[in-house]
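The structure appears right after this line, and notes come after that.
Protein chains: 2
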Amino acid sequence: MEGRRPSPARDRVLETAGRLFYAEGIHSVGVDRIIAAAGVAKATFYHHFPSKDELVRAYVTAQSAAQRAMVEEMRAEPSRDRLRAIFAFMCEFGSGPGYRGCAFLNTAAEYPDPAHPVRLAVAEHRRWIRDLFRDLLAADGDPGAERTADILLLLRDGLVVGFDLDDPATVRGAVHEALDRVLVRKA
Amino acid sequence: MEGRRPSPARDRVLETAGRLFYAEGIHSVGVDRIIAAAGVAKATFYHHFPSKDELVRAYVTAQSAAQRAMVEEMRAEPSRDRLRAIFAFMCEFGSGPGYRGCAFLNTAAEYPDPAHPVRLAVAEHRRWIRDLFRDLLAADGDPGAERTADILLLLRDGLVVGFDLDDPATVRGAVHEALDRVLVRKA
DNA sequence: TCGATACTAGACAGACCTGTCTGGTAGCGT
DNA sequence: ACGCTACCAGACAGGTCTGTCTAGTATCGA
Numbered sequence: 001m002e003g004r005r006p007s008p009a010r011d012r013v014l015e016t017a018g019r020l021f022y023a024e025g026i027h028s029v030g031v032d033r034i035i036a037a038a039g040v041a042k043a044t045f046y047h048h049f050p051s052k053d054e055l056v057r058a059y060v061t062a063q064s065a066a067q068r069a070m071v072e073e074m075r076a077e078p079s080r081d082r083l084r085a086i087f088a089f090m091c092e093f094g095s096g097p098g099y100r101g102c103a104f105l106n107t108a109a110e111y112p113d114p115a116h117p118v119r120l121a122v123a124e125h126r127r128w129i130r131d132l133f134r135d136l137l138a139a140d141g142d143p144g145a146e147r148t149a150d151i152l153l154l155l156r157d158g159l160v161v162g163f164d165l166d167d168p169a170t171v172r173g174a175v176h177e178a179l180d181r182v183l184v185r186k187a
Numbered sequence: 001m002e003g004r005r006p007s008p009a010r011d012r013v014l015e016t017a018g019r020l021f022y023a024e025g026i027h028s029v030g031v032d033r034i035i036a037a038a039g040v041a042k043a044t045f046y047h048h049f050p051s052k053d054e055l056v057r058a059y060v061t062a063q064s065a066a067q068r069a070m071v072e073e074m075r076a077e078p079s080r081d082r083l084r085a086i087f088a089f090m091c092e093f094g095s096g097p098g099y100r101g102c103a104f105l106n107t108a109a110e111y112p113d114p115a116h117p118v119r120l121a122v123a124e125h126r127r128w129i130r131d132l133f134r135d136l137l138a139a140d141g142d143p144g145a146e147r148t149a150d151i152l153l154l155l156r157d158g159l160v161v162g163f164d165l166d167d168p169a170t171v172r173g174a175v176h177e178a179l180d181r182v183l184v185r186k187a
C-alpha cells in the first residue's frame, strides 16, 4: 500500500475532506463541496479516488496513521506512565474547541454494514488501540493484560463520547478516577 | 407535551421511521422511503411532523420514553442488583442480531451542532441515565455516587459502542469485570 | 519529439432530497 | 346539515447528490 508518488492535489483533497467530514459528518459533505474547498477539479478528484466511499476509507486510514504516529512520539516511561499519558492526551484533546467526538466512531455510525470497507478500516484501528493497551499493560506487569485492555477500550470509547456530549471537566475527573479503579495496584 | 389525541397514521410513521433510522442512519433514509413503508400519504406526514428534523426529534424522545418504561419495569432489589440487572440487560440487548449500537449516539453523530433540538433531546436522555445511575448508587450506599455515576456512564457508552463494533462475548466479559472494579466494595 | 501523467474548467445525466400544493374521500361532533 | 380533522394519491419545484464526459494545458522522463 501507499506505493503512489506524492500528489499535492490528492493531499489537498484528503486534508480538506478530513476536516469537513470530521466537523460535519460524511453524508452531510458532498464531493462538490470538497473539491471546491480543496481547489481541485472534479476529474482530478475521481482520478485519485474511484468513489466517495474510497475517499472515506482513505480518510479513516489517514486518521489512523496520524494517531499511530502521535502515540509513537509519546515516549514516556515506564509503561504505566505512558498509558496514563495517552489517556491524559485524549482528555486534553477532547477538551479542545473543535472537538466533535471520535472520527472512527462517528464514521462507523454512518456505515451500518459491518462488512463495508470503511467499517473494516475502523475495526483495524480499534484492534491497534486494544493491542497497544494490552502491550503497555503487560509491560507494566498486569497479569490480566488482555482483560484489562478490553476494559480500557470501553473506557476510551466512553471518554471520546463523553467529551463530545457532556461536560468536559466532569468527564475528565471521571476518567481519572476510573483509571485508578481499573488499573491493578502496583505490588 | 403529548397532548395530541392518538393517531394511527402518526404512530405508524414514527414506528417505521424508528426502525429505518436505527438500521440505516438518519441521513440515509429519506422521507419518501418512510411514508412508503408506513403506507401513509406525504401530506399526512407533513401534517403530523412539520419537518424531517422534527420527526427525528420525535424519534429520539420516543426511544427515550421506551427505555425509561423498560427500566421502570425492572424492579429488582436491592439497588446494587438493579444496577447490575440494567447492565446485564444492555449486554443481552447488545448481543442480539439486529444490534446497531446506541440510537442516541448514532443520531448525535449525524447532528454536529450541540444546540440543535435533536442534540438537546439526546442530552436530556443522557442526563436521565446519569441520574438513574446516581440514585441507584446512592441507595446502594456509595458515598461518592456522583462520581461513580459519571464512571458508569463512561462504561455504558463504551458498552454500546463495543457491542456494535467488537466481539460481543469479549465485551460482555469486560463489562462484567469492569463493574467489579468500579463499584465500591460492600462494607 | 513522443507519450504518459497530472491537472484545469465545467457541462451533463439520472437519481434522490425536502417540502408544497391540488384535489378528493371519510368520519365525527354539534 | 355543517364544518372540522384525518387521511388518501400523486404531481411539482428547486435543489443536491454521485459519477461521467469533453476538451484543453502543463510537466517530465525516455
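Keeping their order, the protein sequence lines are chains A and B.
With full-length UniProt numbering applied, the first sequence corresponds to residues 1 to 187, in that order.
With full-length UniProt numbering applied, the second sequence corresponds to residues 1 to 187, in that order.
Backbone N, C-alpha and C fix where the C-beta goes; we use that ideal spot for every residue, glycine too.
Bear in mind the structure is a predicted one, so any value in this text is a computation, not a measurement.
Worksheet entry | Helix, strand or coil at Y99 (chain A) [DSSP, three-state] | coil
Discussion item. At the level of alpha carbons, what is the spacing between A178 (chain A) and I34 (chain B)?
Written reply: 42 Å
Fill in: For H27 (chain A), the first and last residue of its enclosing alpha helix (DSSP H)
Where H27 (chain A) is concerned, there is no enclosing alpha helix (DSSP H), given that its DSSP letter is neither H nor E.
Practice prompt. Take residue 207 (chain B) as the anchor and find which of B:L55, B:T44 and B:R80 has the nearest alpha-carbon.
Written response: Nothing can be reported for residue 207 (chain B), as the shown portion of chain B is limited to 1 through 187.
Fill in: E110 (chain A) and G30 (chain A) closer than 8 Å at C-beta
no
Worksheet entry | Buried or exposed by the 16-neighbour rule on C-beta atoms within 10 Å, applied to S64 (chain A) | buried
Discussion item. Residues in the same chain with beta-carbon distance under 8 Å from A9 (chain B), minus the five sequence neighbours each way, listed in chain order, please.
Written reply: The beta carbon of A9 (chain B) sits closer than 8 Å to the beta carbons of A38, V40, T44 and H48 from its chain, once the five residues preceding and following it are set aside; these are given in chain order.
Worksheet item: Would a check of beta-carbon distances place A17 (chain A) closer than 8 Å to chain B?
Response: no
Fill in: Between the CA atoms of A76 (chain B) and A23 (chain A) - distance to the nearest angstrom
Rounded to whole angstroms, A23 (chain A) to A76 (chain B) spans 43 Å at the Cα level.
Worksheet entry | Cβ neighbour criterion (16 or more within 10 Å) applied to L89 (chain B) | The displayed chain sequence assigns Phe, not Leu, to residue 89 (chain B). It counts as exposed.
Worksheet item: Any C-beta of chain B sitting closer than 8 Å to the C-beta of T61 (chain A)?
Response: no
Worksheet item: So Y59 (chain A) is in the alpha helix (DSSP H); what residue range does that whole segment cover?
Response: K52 to E73
Discussion item. Alpha carbons only, please: which of A:V71, A:F104 and A:V182 is nearest the one belonging to R82 (chain A)?
Written reply: A:V71
Worksheet entry | Buried versus exposed call for G144 (chain A) [16 or more other C-beta atoms within 10 Å across all chains shown] | G144 (chain A) comes out exposed.
Worksheet item: Using a C-beta to C-beta distance shorter than 8 Å, which residues of chain A count as neighbours of I151 (chain B)?
Response: In chain order: A174, E177, A178 and R181.
Worksheet item: Does A109 (chain A) get closer than 8 Å to chain B when you measure Cβ to Cβ?
Response: yes
Discussion item. Comparing C-alpha positions only, which one of A:A36, A:A139 and A:R130 sits nearest to A78 (chain A)?
Written reply: First, the residue type needs correcting, since residue 78 (chain A) is Pro and not Ala in the sequence shown. With distances taken between Cα atoms, P78 (chain A) lies closest to A:A139.
Worksheet item: Could one say the Cβ of E24 (chain A) lies closer than 8 Å to chain B's Cβ atoms, at least one of them?
Response: yes
Item to complete: Give the secondary structure of D144 (chain B) by DSSP, where H, G and I count as helix, E and B as strand, and everything else as coil.
Response: The residue asked about is misnamed: residue 144 (chain B) is Gly in this sequence, not Asp. Assignment of G144 (chain B) by DSSP, reduced to helix, strand and coil, places it in the coil class.
Practice prompt. Ignore the nearest five residues each way along the sequence and tell me which others in V118 (chain B)'s own chain have a CB closer than 7 Å to its CB.
Written response: In the same chain as V118 (chain B), and ignoring 5 residues on each side of it, the C-beta atoms closer than 7 Å to its own belong to D53, V56, R57, V60, T107 and Y111, in chain order.
Worksheet entry | Beta-carbon gap between F93 (chain B) and H125 (chain B) smaller than 8 Å | no
Discussion item. Any beta carbon from chain B within less than 8 Å of R57 (chain A)'s own beta carbon?
Written reply: It does not: the Cβ of R57 (chain A) has no partner Cβ on chain B nearer than 8 Å.
Worksheet item: Mind checking if V161 (chain B) is an interface residue toward chain A, Cβ cutoff 8 Å exclusive?
Response: yes
Worksheet entry | Nearest neighbour of H176 (chain A), chosen from A:I86, A:Y46 and A:S51 [CA to CA] | A:I86
Worksheet item: Should H137 (chain A) be flagged as near chain B, meaning a C-beta pair shorter than 8 Å?
Response: Checking the sequence shown, residue 137 (chain A) turns out to be Leu, not His. No, its Cβ sits nowhere closer than 8 Å to a Cβ of chain B.
Fill in: For G162 (chain B), three-class secondary structure by DSSP
helix
Worksheet item: Along chain B, which residues have their Cβ under 8 Å away from the Cβ of G98 (chain A)?
Response: Within chain B, no residue comes near G98 (chain A); the closest Cβ sits about 11 Å away, beyond 8 Å.
Worksheet entry | chain A contact for L154 (chain B) (CB, 8 Å cutoff) | Proximity of L154 (chain B) to chain A, defined by a Cβ-Cβ separation below 8 Å, is satisfied.
Discussion item. Taking the beta carbon of E2 (chain A) as the centre, do at least 16 other beta carbons fall within 10 Å, making it buried, or is it exposed?
Written reply: Note that E2 (chain A) has pLDDT 47, beneath the 50 cutoff, so the model's placement of it is unreliable and the number below is only indicative. Exposed: under 16 other Cβ atoms inside 10 Å.
Discussion item. Using the three-state DSSP reduction, which class does V171 (chain A) fall into: helix, strand or coil?
Written reply: Helix.
Discussion item. Could you tell me the alpha carbon to alpha carbon distance between F163 (chain B) and V171 (chain B), rounded to whole angstroms?
Written reply: In this structure, the straight-line span from the alpha carbon of F163 (chain B) to that of V171 (chain B) is close to 6 Å.
Fill in: Residue environment, G101 (chain B), which counts as buried when at least 16 other CB atoms sit within 10 Å
buried
Worksheet item: Start and end of the alpha helix (DSSP H) containing D32 (chain A)?
Response: V31 to A38
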